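Mapping to the UniProt record's numbering: the sequence shown position 166 is 166, numbers consecutive.
Below is one structure, written out as structure tokens; the observations come after it.
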Amino acid sequence: MTMPTSQCPWRMQVHHIRQETPDVWTVALLCHDYYPYRAGQYALVSVRNSAETLRAYTLSSTPGVSEYITLTVRRIEDGTGSQWLTHDIKRGDYIWLSDAMGDFTCDDKTEDKFLLLAAGCGVTPIMSMRRWLAKYRPQADVQVIFNVRSPDDVIFADEWRQYPVTLVAENHATEGFVAGRLTTELLQRVPDLASRTIMTCGPAPYMDFVEQSVKALGVTRFFKEKFFTPVAETATSG
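Rendered as structure tokens:
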């Protein structure tokens, strides 16, 4: 019987694990108590149920929409947390999570025009919020631009077919993808860009480019989420 830690008091049971891309998996969890969280938030995970080893992961599920609480994790070579979550745990195992954390969420924003931008695994809070907006703000005009290395790297590929999305592939772009990287020209094609609420998540250089570009184009409502959040000295996202 595993035990909670001071920072991770929520016991979750692994229901199933689904591979999203060659190096990304989604871990679906059951919580037998009500677990409060908001779309776009993250939690600390007690790796191997150790109080000393904590990793931060986005809750990629959506409250009130998703059947399970999910963590979507890229396997990092020699990554303590990601190797454990994507390779070692199995259906029926128990893991421990912290309270949900973070202010990168859309449920406190009253605007009806959004542009959500993601690169790589930065799509995890973006998908969480996209589902939330579809469920609770169906009248909202939501545009999404998702940047990936190649078409094989589209996380939540099947689910994106339900929503309007511009997919940008840096390499080997096929039909349905814009070739290359995010550009100012691509941002300028978004209708009513300056009047939209912009929310982005991804590597720091990507988010810096997004911020500089959209602000130069007149955007005033801009929000971003970094992968590495200083929640605790022992917490990283590896």
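Glycine is no exception: its CB is placed at the ideal position from the N, C-alpha and C atoms.
If you're wondering where the values come from, they're calculated on a predicted model, not measured in any experiment.
Is residue 187 helix, strand or coil when you go by DSSP? helix
8 Å Cβ cutoff met for residue 107 and residue 39: yes
Hey, how far is the Cα of residue 179 from the Cα of residue 146? 12 Å
In terms of residue numbering, what span does the beta strand (DSSP E) encompassing residue 10 cover? 10 to 21
Determine, using beta carbons only, whether residue 24 and residue 97 come nearer to each other than 8 Å. no
Shortest alpha-carbon distance to residue 62 belongs to which of 151, 224, 130? 130
For residue 42, the three-state DSSP class (helix, strand or coil): strand
What are the complete alpha helix (DSSP H) segments, minimum 4 residues, inside the stretch 135 to 218? 157 to 160, 184 to 188, 204 to 216
Pull up the CB-CB distance for residue 82 and residue 51, whole angstroms please, since I reckon it's below 8 Å. So it is not a contact: roughly 19 Å between Cβ atoms.
Nonlocal neighbours in the same chain, by C-beta distance under 7 Å from residue 69, ignoring five residues either side: 12, 29, 31, 35, 59, 61
With DSSP as the reference, label residue 75 as helix, strand or coil. coil
Presumed contact (8 Å Cβ cut-off) between residue 198 and residue 117, rounded CB distance: 7 Å
For residue 4, the nearest candidate out of 109, 192, 99, 27 (CA to CA): 99
Three-state class that DSSP yields for residue 221 in the structure shown: strand
Give the C-beta separation of residue 181 and residue 168 to the nearest angstrom, bearing in mind that I take them to be a contact with Cβ-Cβ under 8 Å. 7 Å
What is the residue span of the beta strand (DSSP E) that residue 80 lies within? Per DSSP, residue 80 belongs to no beta strand (DSSP E); it is in the alpha helix (DSSP H), 80 to 83.
Relative to the alpha-carbon of residue 54, which residue among 71, 80, 75 has its alpha-carbon at the smallest distance? 80
If we count the other Cβ atoms within 10 Å of its Cβ and call it buried at 16 or more, is residue 78 buried or exposed? exposed
Closest residue to residue 139 among 205, 184, 73, 112 (Cα-Cα distance): 112
Ignore the nearest five residues each way along the sequence and tell me which others in residue 91's own chain have a CB closer than 8 Å to its CB. 14, 15, 16, 17
By Cβ distance below 6 Å, which residues in the same chain neighbour residue 207 in space, the five residues on each side in sequence not counted? 200, 224
Which value, in whole angstroms, describes the spacing of the CA atoms of residue 187 and residue 56? 30 Å
Would you mind listing the beta strand (DSSP E) stretches within the stretch 80 to 129 that are 3+ residues and don't spill past its ends, in chain order? 94 to 97, 113 to 119
In or out: residue 110 buried (at least 16 other Cβ within 10 Å) or exposed? exposed
Taking its Cβ as the centre, do 16 or more other Cβ atoms sit within 10 Å of residue 65, making it buried, or is it exposed? exposed
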